[in-house]
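S.K.: Can you read through this structure? Questions will come right after.
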Amino acid sequence: MKLTPYRIAIIVLTLATAIIHISLLFPDTLFILNGLGYLAFLVAYFAPLSLAQQNHRLVKGGFIVYTVITILAWVAIGANPPTTLGLITKIIEVLLVVCLLSDRE
5 MKLTPYRIAI
15 IVLTLATAII
25 HISLLFPDTL
35 FILNGLGYLA
45 FLVAYFAPLS
55 LAQQNHRLVK
65 GGFIVYTVIT
75 ILAWVAIGAN
85 PPTTLGLITK
95 IIEVLLVVCL
105 LSDRE
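According to the numbering used here, the sequence shown is numbered sequentially starting from 5.
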């Protein structure tokens, strides 16, 4: 798989949101699991795993849905008023969705 600017952005943005969820919000289990979910989708999206490669469109769709659900969950149950870290993380996730949608296989 060729590394395009969109794919580099997908890697960077996913790692950023995963690190935020896992480390900065430690020890909240829900945030840790969310961060690990992002890492799992990142591996499935890029790793040369035959099952993931054969179902790349499904992995991509799942990655997008997972990210959108995370954003919607934050809107529904997030801090009121929103924290700066929460807003930054959601901007990262919106950019991630844009990059995933723009990435052509």
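Glycine included, each C-beta is placed from N, C-alpha and C at the ideal position.
As the structure is a prediction and not an experimental result, all values here were calculated from the model.
What's the C-alpha gap between residue 62 and residue 31?
M.R.: 31 Å
S.K.: Quick one: does the C-beta of residue 46 sit closer than 7 Å to a heavy atom of the ligand SAH?
M.R.: This structure lacks the ligand SAH; in fact it carries no ligand of any kind.
S.K.: First and last residue of the alpha helix (DSSP H) that includes residue 81?
M.R.: Per DSSP, residue 81 belongs to the alpha helix (DSSP H) from 60–81.
S.K.: Write down the C-beta distance between residue 17 and residue 100 rounded to the nearest angstrom, noting that I regard them as a contact closer than 8 Å.
M.R.: That belief holds up - the Cβ atoms of residue 17 and residue 100 are roughly 4 Å apart, short of 8 Å.
S.K.: Determine the burial state of residue 8: buried for a count of at least 16 other Cβ atoms within 10 Å of its Cβ, exposed for fewer.
M.R.: exposed
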